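Novice: I am attaching a structure below and will ask some questions about it afterwards.
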């Protein structure tokens, strides 16, 4: 299968959906089929990478480093696969959750354009092309965030747009300096030339520019405040796909840049370790102070980003494998929790914890669906979160970063506390404020909404129970990340 | 705004500007020009027409609604890329067809032109959508 397929499938889906403008049934069907196609191509790509090694493709037949190269190693392939999983779950969920007006203003084409940007960012091997995919992703996400024009939505979108434009500006500046200094934008070629540059000060400046830019997009401390301001405002399907994928593209870019392009830089990796700790703690403390379903979850995204970059900071095979596994686990689990938040809102008409309660009696299946990803997020065995955290903790102990291991474990406990708070307020206790009548959801709608959530819950259980085979792929990804020569050789061959 | 001079001028300028935009689109592969700039000029021509008459009139002279133009453009650009894939080459690798004009003048048609035509349509569609939305705001 050509490498471009995971990008092309959502792109063509979006274009064909535009042709079916104002014909919502056709767009809905196309949206779901396109997402299924993306998932299929993700599976094929991972199989290809596992059997044949790193895949490359020179777009337009222009040889690297002159043209744009697409590259799929284990890390990229895993990310594309999980993008497909999320794309399909959210597309199916959207069939019910997204209202008619939003659908007729192009919700499905926009969703697929965003998925195009995400898979493009995962597959490209070119710095400037990465910038382009970031913009594709961001511009469509701006519209998705503001679609519907509700007042809180626009307020959230404004903060989101502003901060992300700052980040894009820094990214573009960094790309310009990179090109000016090493004369190439191909990541593999730039990696070779940066190692031969012999100007550590300049490399440090360049690294910091990339770090700040990707740090904003990944919501790393102290650059995270746009995230909790915006993620709870749009419909649940939109915030679920954002929560799952968008910040993780930032984390992906961080890991890619600081393994492949720059390699191990003392300055950056020390900084990453410190910030990982702060990100974990501030995120979880922020969550404790919240009393709305999706606001709590939004702050937990930040705290989880800390774990993901912790692996990058530790920079050992086990740590990076832990990071990769953590990202995949987190995308599945976090999307799932947001989807469930949407179901609760659909059933009860509110997300404020004090207005909710007693759902366990009425919807025990929903309680179970919430409990699985919530416990997985907190890192309880035998779910996927346990495996991810165990790997990172062991990696931390091996390197002797006892303080950070302590922080990671403490944050896990607080995560569990936060999840228990939601559990108590939404499912267990009687509602303290029953003034508002619930709009309710039909049985068929409930089934369509619960389907994707159940699929994701099953996935986190499988990733926990079959941790051995699942972790093998993460270890293979880490081995490739720690040995950039393999990636560089796959792209450039022996040419310099 | 209703000005007889502007309306008369706009009616006569429209075909000239659209012709010029197509000229820029076609010569763009080897000379300054291309789909983006051509599309902008075509969109500007339609914008001028909308100023002279009104938005409804400008919508009427478009061959298709703007979102159809965008969709057709995206598909044309994707199609020019898939051409390479179908022949086992990388995505977007160009293919060329050597033909002749009736008078025996050589004519080279290639997938880059298809790609540029796609860009042309997308740019018209997007620019016109923005113009119309702003014009209809008040």
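Residue numbers (my numbering), protein chains in the order written: chain A, 1 to 496; chain B, 497 to 634.
Positions of the beta carbon are idealized from the N, C-alpha and C atoms, including for glycine.
This structure is a prediction, so every number in the text was calculated from the model and none was measured.
Hey, which unbroken runs of the alpha helix (DSSP H) at 4 residues or more fall wholly within the stretch 289-370 of chain A?
Specialist: Segments of the alpha helix (DSSP H) lying fully in the stretch 289-370 of chain A: 293-314, 317-348 and 359-362.
Novice: So what's residue 384 of chain A in DSSP terms, helix, strand or just coil?
Specialist: In this structure, residue 384 of chain A counts as helix in the three-state DSSP scheme.
Novice: Taking 8 Å as the cut-off, does the stretch 267-287 of chain A touch the stretch 360-380 of chain A (at least 3 CB pairs, one atom from each stretch)?
Specialist: Too few Cβ pairs lie closer than 8 Å, so no.
Novice: Would you say residue 519 of chain B faces chain A, with C-beta separation under 8 Å as the test?
Specialist: Not an interface residue.
Novice: Along chain B, which residues have their Cβ under 8 Å away from the Cβ of residue 512 of chain A?
Specialist: Since the displayed chain A opens at 1 and closes at 496, residue 512 of chain A lies outside it and no answer follows.
Novice: Please classify residue 149 of chain A: does DSSP put it in a helix, a strand, or coil?
Specialist: Coil.
Novice: I believe residue 395 of chain A touches residue 311 of chain A by the beta-carbon criterion, under 8 Å. Please report the beta-carbon distance rounded to the nearest angstrom.
Specialist: So it is a contact: roughly 7 Å between Cβ atoms.
Novice: Can you tell me where the alpha helix (DSSP H) holding residue 57 of chain A begins and where it ends?
Specialist: Taken as a continuous stretch (DSSP letters only), residue 57 of chain A belongs to no alpha helix (DSSP H), being part of the beta strand (DSSP E) at 55-58.
Novice: Decide if the stretch 95-111 of chain A is in contact with the stretch 193-213 of chain A; the criterion is three or more beta carbon pairs, one per stretch, under 8 Å apart.
Specialist: Flag = no, the stretch 95-111 of chain A and the stretch 193-213 of chain A do not touch.
Novice: For a quick check, are the C-beta atoms of residue 280 of chain A and residue 307 of chain A less than 8 Å apart?
Specialist: Cβ atoms of residue 280 of chain A and residue 307 of chain A: closer than 8 Å.
Novice: Within the chosen definition, does the stretch 183-201 of chain A reach the stretch 114-126 of chain A through at least 3 CB pairs nearer than 8 Å?
Specialist: Contact holds: three or more Cβ-Cβ distances are below 8 Å.
Novice: Which residues, in chain order, does the stretch 55-82 of chain A contribute to contact with chain B at a C-beta distance below 7 Å?
Specialist: The stretch 55-82 of chain A vs chain B, Cβ under 7 Å: 57, 58, 59, 60 and 61.
Novice: For the 8 Å Cβ check, are there 3 or more pairs between the stretch 1-10 of chain A and the stretch 579-591 of chain B?
Specialist: Short answer: they touch.
Novice: Within the same chain, show all residues whose beta-carbon is closer than 8 Å to that of residue 348 of chain A, passing over the 5 residues directly before and after it, in chain order.
Specialist: Closer than 8 Å at Cβ, skipping near neighbours: 355, 356, 359 and 438.
Novice: For the beta strand (DSSP E) holding residue 264 of chain A, just list the boundary residues, first then last.
Specialist: Segment: none, residue 264 of chain A is in no beta strand (DSSP E) and carries neither H nor E.
Novice: Compare the C-alpha of residue 24 of chain A against each of A:47, A:103 and A:32 and name the closest.
Specialist: The residue with the shortest Cα to Cα distance from residue 24 of chain A is A:103.
Novice: Would you call residue 552 of chain B buried or exposed, if buried means 16 or more other Cβ atoms sit within 10 Å of its Cβ?
Specialist: It counts as exposed.
Novice: Kindly identify the DSSP beta-bridge partner or partners of residue 553 of chain B.
Specialist: Residue 553 of chain B is not bridged to any residue.
Novice: Candidates A:274, A:220 and A:420: which alpha carbon is nearest residue 253 of chain A's?
Specialist: Nearest of A:274, A:220 and A:420 to residue 253 of chain A, Cα basis: A:220.
Novice: Within 8 Å of any Cβ in chain A, is that where the Cβ of residue 571 of chain B sits?
Specialist: Output row for residue 571 of chain B: interface = yes.
Novice: So what's residue 401 of chain A in DSSP terms, helix, strand or just coil?
Specialist: It is coil, neither helix nor strand.
Novice: For a quick check, are the C-beta atoms of residue 95 of chain A and residue 14 of chain A less than 8 Å apart?
Specialist: It is not a contact, given that the beta carbons lie outside the stated cut-off.
Novice: Beta carbon of residue 405 of chain A, beta carbon of residue 387 of chain A: below 8 Å?
Specialist: In this structure, residue 387 of chain A does not lie closer than 8 Å to residue 405 of chain A by Cβ.
Novice: Kindly indicate the opening and closing residues of the beta strand (DSSP E) around residue 602 of chain B.
Specialist: Run containing residue 602 of chain B: 602-606, per the beta strand (DSSP E) assignment.
Novice: For the stretch 617-633 of chain B, list every residue whose C-beta sits within 8 Å of some C-beta in chain A, in sequence order.
Specialist: The residues in question: there are none.
Novice: By Cβ distance below 6 Å, which residues in the same chain neighbour residue 212 of chain A in space, the five residues on each side in sequence not counted?
Specialist: 170.
Novice: For residue 449 of chain A, tell me which candidate among A:89, A:70, A:19 and A:412 has the shortest Cα-Cα distance.
Specialist: Comparing Cα positions, the closest option is A:89.
Novice: What are the start and end residues of the alpha helix (DSSP H) that includes residue 108 of chain A?
Specialist: Element bounds for residue 108 of chain A: 107-123.
Novice: Between the beta-carbon of residue 20 of chain A and the beta-carbon of residue 27 of chain A, is there less than 8 Å?
Specialist: Their beta carbons are under 8 Å apart, which means residue 20 of chain A touches residue 27 of chain A by this criterion.
Novice: Per DSSP, which residues does residue 71 of chain A bridge with? Please list them.
Specialist: DSSP output for residue 71 of chain A lists A:56 as bridge partner(s).
Novice: To which residues of the same chain is residue 346 of chain A closer than 6 Å at the C-beta, ignoring the five residues directly before and after it?
Specialist: Once the five neighbours on either side are set aside, the close Cβ partners of residue 346 of chain A are 441.
Novice: Taking Cβ positions, are residue 291 of chain A and residue 337 of chain A nearer each other than 8 Å?
Specialist: Their beta carbons are not under 8 Å apart, which means residue 291 of chain A does not touch residue 337 of chain A by this criterion.
Novice: In chain A, what lies closer than 9 Å to residue 525 of chain B by C-beta?
Specialist: None at all; the shortest Cβ gap to chain A is about 14 Å.
Novice: Quick one: Cα of residue 566 of chain B to Cα of residue 266 of chain A, how far?
Specialist: If you take the alpha carbons of residue 566 of chain B and residue 266 of chain A, they lie about 48 Å apart.
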